[in-house]
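Residue numbers (the numbering used here): 74 to 351.
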């Protein structure tokens, strides 16, 4: 279980908004009850499933991170990014996302606008991704005079994204539709602390003041956390190291062991039940 379907339900034009409320919960519950076990990436996701009536075995196992691609990034690639974006010792802020309304991207841009108006620290915000909101985002950036501070990169692949993680100083996240927010752990693997809007996908990943900050969906409060880190390089460095240390707990190898143990447990239980039937 990895997606809050009700956050996307508005894309289906049903009369009265029925699908936006009861229907997603019904569909998730109906499917989950047909399973022998369910993997939930966070405690919050497990709690949600329990709240909608799923009584099956639910194991909390987050997705794993492959660290080798981070080690394979060439220093020349990072230097090229520095030459392109870090003139005047700019702080580099990063967000990576599919460009859709559900990702709360205009909140990010309103936050960037706030930082521009309330801080004189040089910075560059890179929004990496593609999607149907691309033209609207470009229009918003132009209308709010943010072009000097915001770069949109639509030509993104996983290798380039990892370069961005390693290059950026702070990762920004505002989506409230994720159950885990895997991108947060991937960013932390690149030594990026995360400033996020509080949601189910951030609760188990971000520890306030340690590897990032999570706030209520208030633009000023959220943006002030970013400004705080921008103004305090020693704190930023410490949180960057903490973010990387935290991400190490989620290596693909360690997660694979947990998944294998769950499979064995379920198979053992099913085998036992079959014997009882005989």
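We put the CB at the ideal spot given by N, CA and C, even for glycine.
query: Cut-off 8 Å between Cβ atoms - residues of its own chain near residue 151, not counting five sequence neighbours on either side; result: 236, 239, 240
query: Euclidean distance between Cα positions of residue 89 and residue 97; result: Its pLDDT being 47, under 50, residue 89 is placed unreliably by the model, and the measurement read from it follows with that caveat. Spanning the two alpha carbons is a distance of roughly 14 Å.
query: Alpha-carbon spacing of residue 127 relative to residue 291, whole angstroms; result: 33 Å
query: From 142, 263, 102, residue whose alpha carbon lies closest to that of residue 244; result: 263
query: Bounding residues of the beta strand (DSSP E) (the contiguous stretch that carries residue 287); result: 285-288
query: Backbone secondary structure at residue 89 - three-state DSSP; result: For residue 89, the predicted model reports a pLDDT of 47, less than 50, meaning its position is unreliable and no value from the coordinates is stated.
query: Given 8 Å, three or more beta-carbon pairs between the segment 177-184 and the segment 143-150; result: no
query: Segments of 3+ residues assigned as beta strand (DSSP E) that fall wholly inside the segment 218-262; result: 223-226, 243-246
query: Run of the beta strand (DSSP E) containing residue 271, from where it starts to where it stops; result: No beta strand (DSSP E) holds residue 271; DSSP gives it neither H nor E.
query: Range covered by the alpha helix (DSSP H) that runs through residue 321; result: Here residue 321 belongs to no alpha helix (DSSP H), and DSSP marks it neither H nor E.
query: Cβ neighbours of residue 134 in the same chain (closer than 8 Å, five flanking residues each side left out); result: 112, 113, 114, 328, 331, 332, 335
query: Straight-line Cα distance separating residue 210 from residue 338; result: 48 Å
query: Buried versus exposed, by CB contacts within 10 Å (16 or more), residue 321; result: exposed
query: Contact under 8 Å by Cβ, residue 167 with residue 206; result: no
query: Residue 303 vs residue 199 beta-carbon contact at 8 Å; result: no
query: Beta bridge counterpart(s) of residue 165 as assigned by DSSP; result: 197
query: Residues bridged to residue 112 [DSSP beta-bridge criterion]; result: 132
query: Three-state class that DSSP yields for residue 106 in the structure shown; result: coil
query: Residue 169, buried or exposed, once every other Cβ within 10 Å from all chains shown has been counted against 16; result: buried
query: Best match in 261, 295, 284, 123 for proximity to residue 271 [C-alpha to C-alpha]; result: 295
query: Cβ-based neighbour list, residue 102, same chain, cut-off 7 Å, excluding 5 preceding and 5 following; result: 125, 126, 127
query: Distance, residue 281 Cα to residue 108 Cα; result: 35 Å
query: Among 347, 342, 242, nearest to residue 110 - alpha-carbon criterion; result: 342
query: Contacting residues, own chain, Cβ-Cβ under 8 Å from residue 132 (five flanking each side not counted); result: 110, 111, 112, 113, 331, 335
query: Residue 124 at chain B interface by Cβ criterion, 8 Å; result: In the structure shown, chain B does not exist; there is a single protein chain.
query: Residues of its chain near residue 234, where Cβ-Cβ distance is below 6 Å and the 5 sequence neighbours each way are ignored; result: 169
query: Exposed unless 16 or more other CB atoms sit within 10 angstroms - verdict on residue 316; result: buried
query: Contacts around residue 120, its chain only, beta-carbon distance under 8 Å, and the 5 residues preceding and following it disregarded; result: none
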